[in-house]
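In this note's numbering, the protein residues as written are 27 to 460.
Next up, the structure:
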């Protein structure tokens, strides 16, 4: 439903979720209500949790926190074992239940029975498989997206998105439900959209872009073919008698071709040079005329070169960000130390200023233990071949000095390339109200 709502005055979301569920079930046409962090396929809010099997196989698994009714609402059948119950919510035990998809069970344990298997998150947290769910299916989703791990939700910790199962999405039931939510809860905003429509919109957008590019390319190719053919045909037709005489006198075919092409080589080269000069002059003049209203220079070869460099630098910076999150999740202090520069400084969301050594020590001594980290809306801006920044949002949970926490932050990180190596030199973050 894409729900946004201010945090309750009590700071606890349980009653809010209960009120939303009770209210939505009263809407005619609603057959089920569930809460979760993401939908089963193609949702950028899907988390990633690093787990380890009993055979010491470590794997980053897509994960979603779900309420007990989630599988019924999405039509995902729990093929073996059991589904979640109300008692599984807010699990604070050392070992908590988890349901894995059929594809995830095959990936982690092969032909072995996955029920009862343990997945270790860290030294004090583990998961036990209580059920095997069918793979989430969609005609627009890739098969690899069937890999999924479902964990119980924590209704008091944060706002979870409501998902509705309706009889007919086109009957107006979705619109009535969203209007009811907005009227009943002050400050709440709901923007409903069916899961299939959301997936189709993503696919259709790329399809339309591909169709436009393909159409333009086809028109260009056809025009070029007709143009070249027309010029050559006209030149050959005008000299048809000449070619016949040349062949009759013993000229070879390649001599005939040369006689036709050679006279046109100079005009062709002249046209290319004049066209290039005309385009350059026109671009410079347009740049001058638009300078006051258009902030980006049209004639900027340096920017063009930097743009090419940015295409190669951006994936590298995003890779370092992914490695940084993996280091936090696995407690790999050495890996984190290699990403942070020696003069690294960090201003945390609490306002505390921390150095590289403090960050690495917290990870090495497990003062802070992350159980999940989800990055959203990451954007990389490359300034030159040696400087770049990353802006994004991050939602995570874990323990700090043994106390559980859940937080969502907005951050900016600065990367510099020194001695041929990219490293994070500075960072600052701020809490996002939930």
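Every residue, glycine too, gets a C-beta built ideally from N, C-alpha and C.
These numbers were taken from a predicted model, which means no experiment stands behind them.
- Restricting attention to 309, 394, 449 and 432, the CA atom closest to the CA of residue 180 is found in 432.
- In terms of CA proximity to residue 421, 185 leads the group 185, 369 and 253.
- Unbroken beta strand (DSSP E) stretches of 3 residues or longer found wholly inside the stretch 27–68: 56–62, given in chain order.
- Under DSSP, residue 455 shares a beta bridge with 437.
- The beta strand (DSSP E) runs of length 3 or more contained entirely in the stretch 124–174 are, from start to end of the chain, 144–148 and 151–159.
- Residue 245 is bridged by DSSP to nothing; it lacks a bridge partner.
- Rounded to the nearest whole angstrom, the CA to CA distance from residue 84 to residue 67 is 23 angstroms.
- A straight line joining the alpha-carbon of residue 349 with that of residue 364 spans about 10 angstroms.
- One thing to note: residue 351 has its Cβ no nearer than 7 angstroms to the Cβ of residue 315.
- Where residue 193 is concerned, there is no enclosing alpha helix (DSSP H), because DSSP gives it neither an H nor an E.
- Membership of residue 426 in the beta strand (DSSP E) is indicated by the continuous run 413–426.
- Closest in C-alpha terms to residue 115, from the list 132, 93, 250 and 194, comes 93.
- In the three-state reduction of the DSSP assignment, residue 178 falls in the strand class, which pools E and B.
- Taking all protein chains shown into account, residue 87 has 16 or more neighbouring C-beta atoms within 10 Å of its C-beta and is therefore buried.
- Just measuring C-alpha positions, the residue of 149, 35 and 63 sitting nearest residue 394 is 149.
- In chain order, 359 place their CB closer than 7 angstroms to the CB of residue 390, counting only its own chain and leaving out the 5 sequence neighbours on each side.
- In the three-state reduction of the DSSP assignment, residue 357 falls in the coil class, being assigned neither a helical nor a strand state.
- When 450, 295, 357 and 427 are compared, the shortest CA-CA separation from residue 372 is found for 450.
- The straight-line gap separating the alpha-carbon atoms of residue 441 and residue 429 is approximately 31 angstroms.
- If the five residues before and after residue 355 are omitted, its C-beta is found closer than 7 angstroms to the C-beta atoms of 76, 396 and 399, all from its own chain and listed in chain order.
- Just so you know, the alpha carbons of residue 95 and residue 143 end up roughly 23 angstroms apart.
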